[in-house]
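Residue numbering for the sequence shown follows our numbering, starting at 12 and increasing by one per position.
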Amino acid sequence: MTYQKHCPSCFTLKDAVAVCPQCGFDESTARSALFLPYGTVLAGQYRVGRVLGKPGGFGITYQGWDINLQQRVAIKEFLPPDIAERVPHSADVAVMEPEERQSFENGKAAFLREARIVAQLDHPNVVRVRTFFNANGTAYLVMDYYDGMTMATYLAEKQPSLAPELAIPVMLPILDGLRYLHARGLIHRDIKPNNIYLATIGRAILLDFGAARQATAEGDARSMSVALSGGYAPLEQYQRRSSQGPWTDVYGAAATLYRMITGHLPPGALDRLADDPLPTSPWPGVPPALKTLLLKALALKPEDRYPTAEAFMLTLEQYTGAVPAERAPAHEAPPPNPPPAPPSPLLPPAAPEAPPAKPPPRAPQSPKPLPGWRRTVELALLAVGGALIIAFFLWLMFLRPPEAYSPATGQLAPTPPAVTARA
Numbered sequence: 012m013t014y015q016k017h018c019p020s021c022f023t024l025k026d027a028v029a030v031c032p033q034c035g036f037d038e039s040t041a042r043s044a045l046f047l048p049y050g051t052v053l054a055g056q057y058r059v060g061r062v063l064g065k066p067g068g069f070g071i072t073y074q075g076w077d078i079n080l081q082q083r084v085a086i087k088e089f090l091p092p093d094i095a096e097r098v099p100h101s102a103d104v105a106v107m108e109p110e111e112r113q114s115f116e117n118g119k120a121a122f123l124r125e126a127r128i129v130a131q132l133d134h135p136n137v138v139r140v141r142t143f144f145n146a147n148g149t150a151y152l153v154m155d156y157y158d159g160m161t162m163a164t165y166l167a168e169k170q171p172s173l174a175p176e177l178a179i180p181v182m183l184p185i186l187d188g189l190r191y192l193h194a195r196g197l198i199h200r201d202i203k204p205n206n207i208y209l210a211t212i213g214r215a216i217l218l219d220f221g222a223a224r225q226a227t228a229e230g231d232a233r234s235m236s237v238a239l240s241g242g243y244a245p246l247e248q249y250q251r252r253s254s255q256g257p258w259t260d261v262y263g264a265a266a267t268l269y270r271m272i273t274g275h276l277p278p279g280a281l282d283r284l285a286d287d288p289l290p291t292s293p294w295p296g297v298p299p300a301l302k303t304l305l306l307k308a309l310a311l312k313p314e315d316r317y318p319t320a321e322a323f324m325l326t327l328e329q330y331t332g333a334v335p336a337e338r339a340p341a342h343e344a345p346p347p348n349p350p351p352a353p354p355s356p357l358l359p360p361a362a363p364e365a366p367p368a369k370p371p372p373r374a375p376q377s378p379k380p381l382p383g384w385r386r387t388v389e390l391a392l393l394a395v396g397g398a399l400i401i402a403f404f405l406w407l408m409f410l411r412p413p414e415a416y417s418p419a420t421g422q423l424a425p426t427p428p429a430v431t432a433r434a
């Protein structure tokens, strides 16, 4: 009888050959001794497959297989490589030096504490945590897995920049996910293209809550430290005891949108302190009105920015002429609408105004439209806007040369640089 095992990428059964005949994944490629062996089963339910993306400061993310539900998942392992390592020929994790034991335990406790917070979230644009557990001397999160790619992968390997009319519809649902987080007292603190996922189902999803924390007292020791992402981190993240809050994520989202449209990383916050080049430097592809909005969101002082992701999102919606979508209710009352933005040179108005020469005979002389008529128009505009966004994602994922993207692996076929999908 021929020995068979599961492919670490698509998890179909295959003969004992290196290259999977189903998806083409080659498991003979050299891999770090830090990674769990292919086929390791965690908690009696989750089979470990290939590594997704690059290991970060908090650990490693794998593609996995839920044996009970017969579904692909993403598994995140707490393994800070500066203080911990894999025990040779084992799945166990060990601390390198005895004096680092307390740091490791504190980090693991914070990793699980943040997991409990994120596991309570339920938003279509926020990655979902299914469960978490301790094993092998460390901790694990199990999250939903999606075929697709990160925005960083797309910008690096497909198209270096996007027109504003394509970039803004990707960012708006991410901002709505942040609005949802902020209403529950949580801030992400690591918004960047590598943490925005373009799923083939036509959805932008916010990933990686390793840096997330509760927006509590300044310098709260309960939150995990974060390796700052240059260009995307605001000034307050460089200060040990600083006031961080929703405005921190506003900066990261604006820096990400700047990168998506201009094709360039914005200058780091520390580099902007003495002589800020951002207001006077060229912004390729950015109309003046949009530049004004982004400069406010990228202000060095938190009090000069939009105070919340919702305020930034509403301003972008008004700029593009989009009708705000219905959103999950927050715990607090919604803030008043911001003042109207200047007319957008980007997009045609979402609801083209074609004033007739004569008013319709039945139309009452009232400053407000009839509620039923207004609702019908809003629903129609939402449907059109949703269709455009879905069409954009389908174009991103499928209208490309056949060799460029493999839905089975969620990667671009030629993988330089190795920036892959992760949850």
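Yeah, the Cβ is synthetic: ideal placement off N, Cα and C, and Gly gets one too.
Positions of the alpha helix (DSSP H) runs, each at least 4 residues long and wholly inside the stretch 242–321, are given as 257–273, 299–308 in order along the chain. G75 is the residue among G75, I202, V138, F46 whose C-alpha sits nearest the C-alpha of G55. Among the bridge pairs identified by DSSP, R214 is matched with A210.
Between the alpha carbons of D260 and D219 lies a distance of about 14 Å. Between W294 and the set A174, A130, S240, R190, the nearest pair of CA atoms involves A174. Residue pairing by DSSP puts I86 in a beta bridge opposite Y73, V153. Excluding its 5 nearest sequence neighbours in each direction, P171 has C-beta neighbours in its own chain below 6 Å: G274, listed in chain order. Assignment of beta-bridge partners to A146 by DSSP yields T149. G263 has its alpha-carbon roughly 15 Å from the corresponding atom of E314. According to the DSSP assignment, V62 belongs to the beta strand (DSSP E) that extends over 57–62.
The beta carbons of L306 and L289 sit about 7 Å from each other, so the pair counts as a contact at 8 Å. In the three-state scheme derived from DSSP, where H, G and I count as helix and E and B as strand, V98 is classed as coil. Taking all protein chains in view, the Cβ of E108 is surrounded by fewer than 16 other Cβ atoms within 10 Å, so the residue is classified as exposed.
Between V104 and T149 a beta carbon distance of about 4 Å is seen, short of the 8 Å cut, so the two are scored as contacting.
L53 sits in a strand when the DSSP states are folded into three classes. For the set F46, A120, D77, the Cα lying nearest the Cα of P99 is the one of F46. The beta carbon of A126 is closer than 7 Å to those of V140, F143, L152 in its chain, skipping five residues each way along the sequence.
Less than 8 Å separates the beta-carbon of L166 from that of M271. A27 has its alpha-carbon roughly 21 Å from the corresponding atom of A44. The alpha-carbon of A194 is positioned some 44 Å away from that of Q33.
In terms of Cα proximity to R61, the closest of P257, G70, F22, I78 is F22.
Counted as a single uninterrupted DSSP element, the beta strand (DSSP E) harbouring V106 occupies residues 104–106.
Beta-carbon to beta-carbon, Y156 and A85 are separated by about 4 Å, close enough to satisfy the 8 Å threshold. Under the DSSP assignment, T164 falls in the alpha helix (DSSP H) whose first and last residues are 162–168. The Cβ-Cβ distance between Q248 and R200 falls below 8 Å.
Per the coordinates, the alpha-carbon of S253 lies some 11 Å from the alpha-carbon of P245.
Membership of D187 in the alpha helix (DSSP H) is indicated by the continuous run 175–194.
A210 and P299 have their C-alpha atoms roughly 31 Å apart. Here P48 is exposed, its C-beta having fewer than 16 other C-beta atoms within 10 Å.
When the beta-carbon positions are compared, R283 and L311 come within less than 8 Å of each other. Taken atom to atom, the span from the alpha-carbon of C18 to that of D286 is near 53 Å.
For G159, the three-state secondary structure derived from DSSP is strand.
Relative to the Cα of P135, the nearest Cα in the group L123, R124, D187 belongs to D187.
The beta carbons of M154 and K87 sit closer together than 8 Å.
The Cβ atoms of T267 and I207 sit closer than 8 Å to each other. Beta bridge pairing from DSSP links V140 with M154.
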